[in-house]
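K.L.:
Supplied in structure tokens, the structure appears directly below.
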Amino acid sequence: MNSGLKMRVKYVIICVLISAGVTAGGVKACFDLSVRDAAYDEDRDVHLLTVIAEDGDPGGEEIFAGLEEWLAGAGQKLNLDLELVDVDAPGVSWPAYGIPSAPPAVPVVVLTGRRQATLGGMSFLVDHWEPGPDKKELDRLKTSPVREEIRKAAGRSMAVLVFIPGSDSYENSAAQVVDEVARSWSDKTPLGVPVLRVERTEAAERLLLAFLGVKDTGPPWAGVVFGRGKLMAPLVGEDITAENLNTRLETLAADCTCLQSSSSLGVDLPMEWDGRDDAEVLALKTGLRLDGSMPARTGIPAVVFLTFGGLVILVVFASFWIVRRSNGRPV
Numbered sequence: 459m460n461s462g463l464k465m466r467v468k469y470v471i472i473c474v475l476i477s478a479g480v481t482a483g484g485v486k487a488c489f490d491l492s493v494r495d496a497a498y499d500e501d502r503d504v505h506l507l508t509v510i511a512e513d514g515d516p517g518g519e520e521i522f523a524g525l526e527e528w529l530a531g532a533g534q535k536l537n538l539d540l541e542l543v544d545v546d547a548p549g550v551s552w553p554a555y556g557i558p559s560a561p562p563a564v565p566v567v568v569l570t571g572r573r574q575a576t577l578g579g580m581s582f583l584v585d586h587w588e589p590g591p592d593k594k595e596l597d598r599l600k601t602s603p604v605r606e607e608i609r610k611a612a613g614r615s616m617a618v619l620v621f622i623p624g625s626d627s628y629e630n631s632a633a634q635v636v637d638e639v640a641r642s643w644s645d646k647t648p649l650g651v652p653v654l655r656v657e658r659t660e661a662a663e664r665l666l667l668a669f670l671g672v673k674d675t676g677p678p679w680a681g682v683v684f685g686r687g688k689l690m691a692p693l694v695g696e697d698i699t700a701e702n703l704n705t706r707l708e709t710l711a712a713d714c715t716c717l718q719s720s721s722s723l724g725v726d727l728p729m730e731w732d733g734r735d736d737a738e739v740l741a742l743k744t745g746l747r748l749d750g751s752m753p754a755r756t757g758i759p760a761v762v763f764l765t766f767g768g769l770v771i772l773v774v775f776a777s778f779w780i781v782r783r784s785n786g787r788p789v
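Per my numbering, residue 459 is the first one in the sequence shown, and the count goes up by one each step.
Structural data, given as structure tokens:
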């Protein structure tokens, strides 16, 4: 076999082996996983704290330094980034910070909710502090009773249903719908579906309610939270039906196809989470502990062997075809 022919055969083999690795890796990554489980192997949305001040303003720089220290310490488990922005800098895209234009007074700290740009990113204003958050407000930013309950329950539940009743003038029969759906799924899955009820005027949940876009008055609100705190598109008022809730939960219970990212199903709450929380996650289908972010497995799925077998046949056929053609023989 001449050198040119050898190179062509090697090229075919290398390409096929690379494809085999990618295919088998994808198959193994999704084998026996639900869409809900796969969420623990994906990055969280990272939200943004921005200190907006005049260039060189000592007050703004002091606030930034304090927040930087806080995020490296008490707030290190949060999915938050920090920036310092010159209010007079040309070309600043203020909508990227969730505000229409430069703030009228500085320094000010803005909390912007963000969804990954690769998933059709968006930015929205959550809260702001003038000139910056004090210790009590930082404590509220760090966590809250409901977010802490979500953190504790998420890894050991299929999902968490968050329900916010409507204000006095609204019909609140939706609460019964939410409870019945949660009970039904808890009866038929190894992991339950707890319901967390939040009052829309709870001071301790002010930041969470602002992130959810829930006002002091309004219709009932329901959301499905899964993974590391990912909120699916919420349901409001008459849209809170068993059918709509079941559709969301069925999506999470479905087999992971490796074609749909769990991240595309919602936006992550600003919430504490770290490797110790990952270590407590249970797989939906088996109720067994996950090994890191992926379930522990024994052996290799048969589909992986079939994939490799087919690719080996392809390598042999391609090599035979190249050799025959190089020798001038009909293929």
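Glycine residues also receive a C-beta, built at the ideal position from the N, C-alpha and C atoms.
Please indicate yes or no: does the CB of GLY685 lie closer than 7 angstroms to some heavy atom of the ligand GDP?
P.N.:
No copy of the ligand GDP appears in this structure; indeed no ligand is present at all.
K.L.:
Buried or exposed: which applies to ASP495, given that a residue is buried once 16 or more other Cβ atoms fall within 10 Å of its Cβ?
P.N.:
Buried, by the Cβ-count rule.
K.L.:
With a threshold of 16 other CB atoms inside 10 Å of the CB of ARG641, please say whether the residue is buried or exposed.
P.N.:
By the 10 Å Cβ count, ARG641 comes out exposed.
K.L.:
Going by the DSSP bridge assignment, what does ASP726 pair with across the sheet?
P.N.:
Its beta-bridge partners are LYS688.
K.L.:
Taking the runs of the alpha helix (DSSP H) that are 4 residues or longer, which of them lie wholly in the region 511–587?
P.N.:
Counting whole runs of 4 or more residues, the region 511–587 contains the alpha helix (DSSP H) stretches 516–530.
K.L.:
Where GLU663 and VAL672 are concerned, what is the direct C-alpha to C-alpha distance, given to the nearest angstrom?
P.N.:
Distance between the alpha carbons of GLU663 and VAL672: 11 angstroms.
K.L.:
Please look up how many angstroms separate the CB atoms of ARG609 and GLU730, rounded, as I've assumed it's under 8 angstroms.
P.N.:
Confirmed, Cβ separation roughly 6 angstroms.
K.L.:
Taking the alpha-carbon of VAL566 as reference, which of PRO678, SER581, ASP546, PRO591 has the nearest alpha-carbon?
P.N.:
Selected option, being the one with the closest Cα: PRO591.
K.L.:
Could you tell me which of SER615, VAL550, THR659 sits nearest to ASP736, measuring between CA atoms?
P.N.:
Out of SER615, VAL550, THR659, SER615 has the C-alpha closest to the C-alpha of ASP736.
K.L.:
Going by beta-carbon coordinates alone, are HIS586 and VAL564 separated by less than 8 angstroms?
P.N.:
Contact: no.
K.L.:
According to DSSP, which residues form a beta bridge with ILE622?
P.N.:
ILE622 pairs with TRP679.
K.L.:
Could you pull the start and end residues of the alpha helix (DSSP H) that LEU710 belongs to?
P.N.:
Segment 700–711, the alpha helix (DSSP H) holding LEU710.
K.L.:
Taking ALA523 and VAL545 to be in contact with their CB atoms under 8 angstroms, please state how far apart those CB atoms are, rounded to whole angstroms.
P.N.:
Going by Cβ atoms, the distance from ALA523 to VAL545 rounds to 18 angstroms, so no, they are not a contact pair.
K.L.:
Looking at the structure shown, is ARG655 part of a helix, part of a strand, or coil, going by DSSP?
P.N.:
Note: ARG655 maps to strand in three-state DSSP.
K.L.:
What three-state label does DSSP hand THR756 in the structure shown?
P.N.:
Summary for THR756: the model assigns pLDDT 35, below 50, so the residue's position carries little reliability; its value from the coordinates is reported in the next sentence. In this structure, THR756 counts as coil in the three-state DSSP scheme.
K.L.:
Distance check for THR705 and PRO516, CA to CA, integer angstroms please.
P.N.:
Each residue's alpha carbon lies about 52 angstroms from the other.
K.L.:
Does LEU596 come out as helix, strand or coil in the three-state DSSP assignment?
P.N.:
Three-state DSSP puts LEU596 in a helix.
K.L.:
Once the 5 residues before and after ARG686 are set aside, which same chain residues still bring their CB inside 6 angstroms of it?
P.N.:
The answer, listed in chain order, is ARG502, TRP731.
K.L.:
Let me make sure I understand the geometry here. Which of GLY533, LEU507, VAL682, LEU693 has the alpha-carbon closest to that of VAL543?
P.N.:
Per the Cα distances, LEU507.
K.L.:
Considering TRP643, what are the terminal residues of the alpha helix (DSSP H) in which it resides?
P.N.:
Per DSSP, TRP643 belongs to the alpha helix (DSSP H) from 632–646.
K.L.:
I think VAL653 touches LEU619, with their Cβ atoms under 8 angstroms apart; what is that distance to the nearest whole Å?
P.N.:
Contact holds; Cβ gap of about 5 angstroms.
K.L.:
One question on the structure: do MET690 and GLY724 come within less than 8 angstroms of each other, judged by their Cβ atoms?
P.N.:
Result yes, Cβ atoms of MET690 and GLY724 sit closer than 8 angstroms.
K.L.:
Rounded to whole angstroms, what is the Cα-Cα separation between ILE622 and ALA741?
P.N.:
Cα to Cα, the separation comes out at about 28 angstroms.
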